[in-house]
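What follows is a short report on a single structure.
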Amino acid sequence: MAENLSYPTFTFNLKIAKIDVHPKAIYPVFFFGTLIYVFSVFCNGTILGLIITQRNLHKPMFYILFSLPLTDLIGITSALPRVLVDIITETNDVYYPTCVLQAFLIHMYGGAILFLLAAMSIDRYIAICNPLRYNSIMTPGRICGLIALAWSLDLVLILVLFSLQSRMEKCKSFIANVYCDNPSLLLLSCGGDFTVNNIYGLFITAFMQVISVSVQLYSYTQILITCIKQTHSDSKIKAVNTCMAQITTFILFEIMTTIIILSYRIPYFSSSAQRGFGLMIYTVLPVVNPIIYGMKTKDIRIAFFLVLKRNKIGPGKKASVVQNRK
1 MAENLSYPTF TFNLKIAKID VHPKAIYPVF FFGTLIYVFS VFCNGTILGL
51 IITQRNLHKP MFYILFSLPL TDLIGITSAL PRVLVDIITE TNDVYYPTCV
101 LQAFLIHMYG GAILFLLAAM SIDRYIAICN PLRYNSIMTP GRICGLIALA
151 WSLDLVLILV LFSLQSRMEK CKSFIANVYC DNPSLLLLSC GGDFTVNNIY
201 GLFITAFMQV ISVSVQLYSY TQILITCIKQ THSDSKIKAV NTCMAQITTF
251 ILFEIMTTII ILSYRIPYFS SSAQRGFGLM IYTVLPVVNP IIYGMKTKDI
301 RIAFFLVLKR NKIGPGKKAS VVQNRK
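Numbering-wise, the sequence shown is residues 1 to 326 according to the UniProt record's numbering.
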């Protein structure tokens, strides 16, 4: 009897924490959150569509860049809609397999951002520091290999993380966060020694950061040195502008993660504030990133306005053709 009380039967129907929203603010919060999600999907989808359809964007740089809005869509879709549904329905139920999938995608998102930004910095380093050899170095095969390395390394690290978590026997039924992640899934366990899980979790966090920061620091330092050596101011400005989007995205990612970590370390932060900050990394970046790349990447900006111009002029041209035929 005591054993049953200590280790209750685990069910797949879990309860999950909610963000405390005042009853009068439920619909405004839901509307604002939905607006953020739709805007993010539209902007990231637009960049993906431009890269696919516009021939002038069929370049190695944009093959790598293609993965970034795709990753942003994964991040915001895996985190935000379920929270919005809970707010509007005032429920806090989650199905365990769905919870695991959400946690897996959320962790994949964080690692993919870091590895893809590192891959993009390598591309910019070769383009600016070795422009004459760029096409011979960044061949389609090597570009695909670089992208595959970023995704596969992220996938393997996260799979091992979740394999370690899944081996623990589950007894509890409450997710202590507003979205599912590996730590909250681990807290469902009956107890036991989490040392291996904690060490590996710290290891992959440090590994991802060290790899990404080291590669980017080296690449952008070499780019900076090359820019300083150049005598033409136009070349310097062009070289810096091609890197600003990636650098800005990386800085924003680090700021978001630092805020989240600090919110859990500062005692007087309420649990609702901590949960709200936790969502920021999955909502702010997917909204801001496409704007940054749209403004800072000249080729994307030109392609976007060409598509707008073509669609705007198209009907007029068709009308004039019809009139001439008459």
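Glycine included, each C-beta is placed from N, C-alpha and C at the ideal position.
About 6 Å separates the Cβ atoms of L117 and S212, confirming a contact at the 8 Å cut-off.
The DSSP-derived three-state label of V21 is coil.
Along the length of the segment 11-56, whole alpha helix (DSSP H) runs at least 4 residues long occupy 26-53, reported in chain order. For D86, the uninterrupted alpha helix (DSSP H) run begins and ends at 67-89, by DSSP.
Taking the Cα positions, A303 is about 27 Å away from G145.
Partner residues in the beta bridge of S189, as assigned by DSSP, are K170. If only complete runs of 4 or more residues are kept, the segment 104-154 shows the alpha helix (DSSP H) at 134-137, in order along the chain. The beta-bridge partner set that DSSP reports for D93 consists of K15.
In the DSSP assignment, the residues bridged to I175 are I16. C-alpha of L132 to C-alpha of M138: approximately 11 Å in a straight line. The continuous alpha helix (DSSP H) containing T221 extends over residues 195-229. Counting C-beta atoms within 10 angstroms of its own C-beta, T297 has 16 or more neighbours from the protein chains shown and is therefore classed as buried. In this structure, C243 sits away from Y218, with a CB-CB distance that is not shorter than 8 Å. Note that the C-beta distance between D123 and M208 is not below 8 Å. For the pair L149 and L155, the Cα-to-Cα distance works out to about 10 Å.
Here C180 carries a coil assignment [DSSP, helix/strand/coil].
Taking the CA atoms as reference points, T98 sits about 29 Å from L65. When Cβ pairs closer than 8 Å are counted between the two stretches, the segment 33-49 is seen to touch the segment 72-90, the count reaching three or more. Taking Y95 as reference, the option from I16, I126, P81 with the minimal CA-CA separation is I16. If you draw a straight line from the Cα of L187 to the Cα of R55, it is about 49 Å long. In the three-state DSSP reduction, K298 falls in the helix class (H, G or I). Shown here, K312 sits in a helix according to DSSP, grouped into three states. L224 and I237 have their C-alpha atoms roughly 11 Å apart.
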